[in-house]
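Chemist: Going by this note's numbering, the letters in the sequence shown line up with residues 10 to 67, in that order.
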Amino acid sequence: MNDMTSILSQPVARLGATTIRLGETLGFGALLLLTLFLALVIALWRAGKARAAAAAEA
10 MNDMTSILSQ
20 PVARLGATTI
30 RLGETLGFGA
40 LLLLTLFLAL
50 VIALWRAGKA
60 RAAAAAEA
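So, in structure tokens, the structure goes:
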């Protein structure tokens with residue numbers, strides 16, 4: 010069986026002298042997903058707040 014550290018240290022891409030490993034790729038993907046989810050939550054919160062303000066004015 011392979012341990013997790015050897016799997017995560019497998020190279021995925023090579024850009025010049027830089028090697029991008031699987032663990033770095035998965036970490037960046039998780040960070041990107043979290044950032045997009047946070048942006049969605051903030052956008053929905055602001056839209057709900059604006060809708061409530063418009064309903065209170067009417």
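Ideal Cβ placement from N, Cα and C applies to all residues, glycine included. All of these numbers come straight from a predicted model, not from anything done at the bench.
#1: Hey, quick one: how far does the alpha helix (DSSP H) through ALA64 stretch, first residue to last?
#2: Rounded to the nearest angstrom, what separates ARG55 and GLY38 at their Cα positions?
#3: Taking the DSSP output, what are the residues bridged to ALA26?
#4: Starting from SER18 and walking both ways along the alpha helix (DSSP H), at which residues does that stretch end?
#5: What's the gap between the Cα of LEU53 and the Cα of LEU47?
Modeler: Reading off the structure:
#1: Segment 31 to 66, the alpha helix (DSSP H) holding ALA64.
#2: Spanning the two alpha carbons is a distance of roughly 26 Å.
#3: Residue pairing from DSSP leaves ALA26 without any beta-bridge partner.
#4: No alpha helix (DSSP H) contains SER18, which DSSP labels as neither H nor E.
#5: Cα atoms of LEU53 and LEU47: separation of roughly 10 Å, rounded to the nearest angstrom.
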